[in-house]
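In this text, residue positions in the sequence shown follow the working numbering: the first is 87, and each later residue adds one. The beta carbon of each residue, even a glycine, is placed where N, CA and C say it ideally should be. Quick caveat: nothing in here was measured; it's all calculated off a predicted structure. Each remark here refers to the structure printed beneath this line.
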Amino acid sequence: MQRFVEESDAVRREQNLGVSNLPDSRWAHLYYVEGEIEAYRAMLEQQETVEYFDLNPIEARSFCAYVVFRKRPTDERFAEAFEKHGVVVVSPVETDRTGAKFTLVGPQEALQALLEDIPEDLDTEILQVGEFNHHHGALAGRLTSRQREAVSAALAVEYYGVPHDATLADVADELGCTVGTASTLLRRAERAVMEAVVVG
87 MQRFVEESDA VRREQNLGVS NLPDSRWAHL YYVEGEIEAY RAMLEQQETV
137 EYFDLNPIEA RSFCAYVVFR KRPTDERFAE AFEKHGVVVV SPVETDRTGA
187 KFTLVGPQEA LQALLEDIPE DLDTEILQVG EFNHHHGALA GRLTSRQREA
237 VSAALAVEYY GVPHDATLAD VADELGCTVG TASTLLRRAE RAVMEAVVVG
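Right, dumping it as structure tokens:
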């Protein structure tokens, strides 16, 4: 499923809102998805590990998905690693074309041990380390690493200052990219944050 979300033009993003373990090595996942519901349905129908699913349309291009999976050995090892170290996964877990982004909370030693126990066939990257702030995490998690770089550059050159003196050209210089690229990154970042504030 993650590969489908990362590679398909039919889905813009997917949020895992919650997981419940079921008997017989199964688990149920609740997703919020922005994309084409029929393409998502066709993908689920092709997944050998999917036992049951129900899709509930919300708007023209968004819907909720309740999906019951049979756990694969990798899933079992992944879940066991979290249970072993008592690390909390903050919902939602968001997946887009850049991969799945997790916010993890726990003692430093537990987080380090968890990373060492994550199955080797799962590619992981640490994007940020610090004190947990729920509001900041919920918003920052909506942005790609490049979008965060663009926002940081904009703040550095006072692009959002009052009065508004800096220009997109200043942001582009700070980022080392074209004005068009800087504009696109900021507009997408701003949209993601505004959606998080208004829609949730």
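Judged by beta-carbon spacing, residue 94 lies beyond the 8 Å limit of residue 128, meaning their Cβ atoms are not closer than that value.
Across the structure, residue 91 and residue 119 are spaced so that their CA atoms are roughly 10 Å apart.
Take the alpha-carbon of residue 158 and the one of residue 240: they are about 43 Å apart.
A check of alpha carbon separations from residue 164 across 274, 102, 200 and 228 identifies 200 as the nearest. Excluding sequence positions up to five before and after residue 244, its CB lies within less than 8 Å of the CB of 251 and 252, all in the same chain and listed in chain order. Approximately 7 Å separates the beta-carbon atoms of residue 137 and residue 112; this is inside 8 Å, confirming the contact. Across the set 207, 202, 234 and 196, the C-alpha of 234 shows the shortest separation from the C-alpha of residue 214. By the beta-carbon neighbour count (other beta carbons within 10 angstroms, threshold 16), residue 281 is exposed.
Residue 145 carries a strand assignment under DSSP once its states are collapsed to helix, strand and coil.
At a cut-off of 4 residues, the continuous stretches assigned as alpha helix (DSSP H) that sit fully inside the region 164 to 220 are 194 to 203.
The C-beta of residue 208 has fewer than 16 other C-beta atoms within 10 Å across all chains shown, which makes the residue exposed. Between residue 248 and residue 255 the beta-carbon gap is near 19 Å, outside 8 Å, which marks them as no contact.
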